[in-house]
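Going by the working numbering, the letters in the sequence shown line up with residues 866 to 995, in that order.
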Amino acid sequence: MKRIFVVFGIFLMAVQLFAFNAKKATVDKLYKDVQKELGHKIEKYEQNIIDTTYLYYYKKCNGNWTKEIWELTVDKSVEMCNNKAAVAASKTGDFGEKLLQTLIVTTEDLFKGFNDWIESGSEEYKERHK
Numbered sequence: 866m867k868r869i870f871v872v873f874g875i876f877l878m879a880v881q882l883f884a885f886n887a888k889k890a891t892v893d894k895l896y897k898d899v900q901k902e903l904g905h906k907i908e909k910y911e912q913n914i915i916d917t918t919y920l921y922y923y924k925k926c927n928g929n930w931t932k933e934i935w936e937l938t939v940d941k942s943v944e945m946c947n948n949k950a951a952v953a954a955s956k957t958g959d960f961g962e963k964l965l966q967t968l969i970v971t972t973e974d975l976f977k978g979f980n981d982w983i984e985s986g987s988e989e990y991k992e993r994h995k
């Protein structure tokens, strides 16, 4: 009877450990998710792009990954891997890394600005057509 409880306890601890590691957001998991989206094996320059995107969003969410932030990180990584300017920047070394970081921040700011523009336009329309 004791043996059954010990085996069951070890099984529960193993399941918890596996579940904890499965939910952990890592760069390796991001590589796999982006690779699945791209449909091909990730090249070295794409790894640089993914690393930079991961670090940007890691700092942005303070390491507290939500499903939405993770999906945004994957989407932005795929978008940047398909961006010719980002690919060229990634292939040029240190300067390229700084340029790549700037591109990520700029696209994020453009997205926010576009959303703000939509919201303000919608509010203005409602004001004019009451």
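The C-beta atom is built at its ideal place from N, Cα and C for all residues, glycine as well.
State the DSSP-derived secondary structure class of residue 989, mapped to helix, strand or coil.
helix
Residue 934 lies in the alpha helix (DSSP H); which residues open and close that run?
932-946
Hey, is the region 947-958 in contact with the region 901-917, meaning 3+ C-beta pairs nearer than 8 Å?
yes
Determine the burial state of residue 969: buried for a count of at least 16 other Cβ atoms within 10 Å of its Cβ, exposed for fewer.
buried
At a cut-off of 8 Å, would you count residue 904 as near the ligand SAM, judging by its Cβ distance to the nearest heavy atom?
The model depicted lacks the ligand SAM and carries no ligand whatsoever.
Beta-carbon proximity list for residue 919, same chain, < 6 Å, skipping 5 on both sides:
892, 895
Cα separation between residue 987 and residue 927?
32 Å
Reference residue 903, options 933, 945, 925, 967, closest by Cα:
945
Cα-Cα, which of 965, 905, 917, 898 is closest to residue 935?
898
To the nearest angstrom, how far is the alpha carbon of residue 976 from that of residue 940?
13 Å
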